[in-house]
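Undergrad:
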Amino acid sequence: NAGVTQTPKFQVLKTGQSMTLQCAQDMNHNSMYWYRQDPGMGLRLIYYSASEGTTDKGEVPNGYNVSRLNKREFSLRLESAAPSQTSVYFCASSERAVALRENQPQHFGDGTRLSIL
Amino acid sequence: ILNVEQSPQSLHVQEGDSTNFTCSFPSSNFYALHWYRWETAKSPEALFVMTLNGDEKKKGRISATLNTKEGYSYLYIKGSQPEDSATYLCASKLAYSGAGSYQLTFGKGTKLSVIP
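In order, the protein sequence lines correspond to chains A and B. Going by my numbering, the letters in the first sequence line up with residues 29 to 145, in that order. Going by my numbering, the letters in the second sequence line up with residues 641 to 756, in that order.
1. Please compile the residues from chain B whose C-beta is within a distance smaller than 7 angstroms of the C-beta of M69 (chain A).
2. D84 (chain A) bridges to which residues according to DSSP?
3. Could you name the residues of chain A that Q654 (chain B) contacts, counting a contact when the two beta carbons are closer than 8 angstroms?
4. How would you label M778 (chain B), buried or exposed, when you count the other beta carbons within 10 angstroms and need 16 or more for buried?
5. Since Q134 (chain A) meets chain B, which of its residues come closer than 9 angstroms, beta carbon to beta carbon?
6. 7 angstroms is my cut-off, CB to CB: does N131 (chain A) come that close to chain B?
7. Can you tell me which of the three DSSP states E685 (chain B) falls into?
8. In this structure, does DSSP put E101 (chain A) in helix, strand or coil?
9. Do you know how far the Cα of A704 (chain B) is from the Cα of E696 (chain B)?
10. With a threshold of 16 other CB atoms inside 10 Å of the CB of K733 (chain B), please say whether the residue is buried or exposed.
11. Kindly list, in the order they appear in chain B, the residues whose Cβ is closer than 9 angstroms to that of G137 (chain A).
12. Three or more C-beta pairs closer than 8 angstroms, one from the segment 97–111 of chain A and one from the segment 665–672 of chain B: is that the case here?
13. Where does Q113 (chain A) fall in DSSP's three states?
14. Just the C-alpha distance for K37 (chain A) and A681 (chain B), rounded to the nearest angstrom, thanks.
15. Taking its Cβ as the centre, do 16 or more other Cβ atoms sit within 10 Å of R701 (chain B), making it buried, or is it exposed?
16. Which same chain residues end up closer than 6 angstroms to T727 (chain B) when comparing Cβ atoms and leaving out the 5 residues on each side of it in sequence?
17. Taking P133 (chain A) as the reference, which of B:P756, B:I755, B:L729 and B:S753 has the closest Cα?
18. Hey, does L49 (chain A) have any beta-carbon neighbour from chain B nearer than 7 angstroms?
19. Select from A:D54, A:L145 and A:Y117 the residue whose C-alpha is nearest the C-alpha of Y92 (chain A).
20. So that I know if they touch, is there some Cβ in chain A lying closer than 7 angstroms to that of T691 (chain B)?
Structure representation (C-alpha cells):
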C-alpha cells in the first residue's frame, strides 16, 4: 500500500527554470494538499483541492500553480523558479469531511527537497 | 490566518520520564485540532484528530486533551522511550466554510529527544 507518492525526491534548479512536482495517492481520497516546510516555520499550505476538478489557494500561493489531473493526482508547478522557493515540499491527502464534527487526518508523502540556485 | 503556537520548542528527557507539550490556538471558529508525529527523514504521521471540548484521545503511551473554550491542547507521553524522539506537530482547522474542504494551520512543532 503506497499511500501518497511524491516525485522527484530531490531536485536542483537554476533561477528561472520551471518544473512540476508530482503527487499521487492510492487511498481514494477526495482532498489533496501541497505544503512547504522551511526552517523555523510550520508547514504552510500552498494550494489545496477539495475534490476532483476544484483547486483553491492556501496561505502562500504566489509563484505556484496546481493541477488536479484526476482523483489520484495533484501536481504543483513552478513556472519560473526563484531562490525563495528553495524548500521541502509535501503533498498530503484526506477524506472529505461532509458532516458536522466529522474530521479526517491528512496523510503525507515523503517530501520533495527542492534547491534553487 | 490563524496563529497556532506550540511550546516548548524543544525538549530533552531521560528514558522513562513522562512529558507533555502544549498547543494553543484561537478558540473562535474552532473546528478541529490535529496532532502529528514527525520522525526525522520521514513524513508526518497522524496521531489524533479532536473536535469536541473535553475530548481525550489515547494511543498506547501517548494521550491528548482538548479545551476549545480556552484554546489549548496538551499532548502527554508516559514513560518516554528513545523511539518517541520526533517532532510533534499540532494543527488547527477553522469552521466549515462551504468550500468542501478545510485548511489546516500548523504550529512549528515541539522537538522531543529521549536520552537512553
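Heads up, the beta-carbon is just placed ideally off N, CA and C, and yes, glycines get one too.
TA: Per the coordinate set shown:
1. Within the first sequence, residue 69 (chain A) is the residue found at index 41, counting from 1. Under the 7 angstroms cutoff, chain B gives K748.
2. Numbered from its first residue, the first sequence carries residue 84 (chain A) at position 56. Paired residues: A:Y76.
3. Residue mapping note: residue 654 (chain B) aligns to position 14 of the second sequence, counting from 1. Result: empty, since nearest Cβ-Cβ is about 27 angstroms, beyond 8 angstroms.
4. The structure shown does not extend to residue 778 (chain B), since chain B is modelled only from 641 through 756, so no value can be given for it.
5. Taking the first sequence and counting its residues from 1, the one referred to as residue 134 (chain A) is at position 106. Residues of chain B passing the Cβ test: H674, Y676, P684, A686, A731 and L744.
6. By 1-based counting over the first sequence, the position of residue 131 (chain A) is 103. Interface residue, yes.
7. Position 45 of the second sequence, counted from the first residue, corresponds to residue 685 (chain B). DSSP places E685 (chain B) in strand when its eight states are reduced to three.
8. Taking the first sequence and counting its residues from 1, the one referred to as residue 101 (chain A) is at position 73. Reduced to three states, the DSSP call for E101 (chain A) is strand.
9. Here the question's residue 696 (chain B) lines up with position 56 in the second sequence. Here the question's residue 704 (chain B) lines up with position 64 in the second sequence. For E696 (chain B) and A704 (chain B), the distance between alpha carbons rounds to 6 angstroms.
10. In the second sequence, the residue the question calls residue 733 (chain B) occupies position 93. Burial call: buried.
11. Within the first sequence, numbered from 1, the residue matching residue 137 (chain A) stands at position 109. Within chain B, the residues near G137 (chain A) are S683.
12. no
13. Here residue 113 (chain A) is taken as the residue at index 85 of the first sequence, counted from 1. Here Q113 (chain A) sits in helix by DSSP.
14. Stepping through the first sequence from its first residue, residue 37 (chain A) is reached at position 9. Stepping through the second sequence from its first residue, residue 681 (chain B) is reached at position 41. Approximately 12 angstroms, taken between the alpha carbons.
15. In the second sequence, the residue the question calls residue 701 (chain B) occupies position 61. Exposed.
16. Your numbering for residue 727 (chain B) matches position 87 in the second sequence. Hits under 6 angstroms: W678, G749 and K751.
17. What you label residue 133 (chain A) is simply residue 105 of the first sequence in a count that begins at 1. The shortest Cα separation from P133 (chain A) among B:P756, B:I755, B:L729 and B:S753 belongs to B:L729.
18. Looking up residue 49 (chain A) in the first sequence gives position 21. So, not an interface residue.
19. Locating residue 92 (chain A) in the first sequence gives position 64, where the first residue counts as 1. Closest by alpha carbon: A:Y117.
20. Taking the second sequence and counting its residues from 1, the one referred to as residue 691 (chain B) is at position 51. Interface residue, yes.
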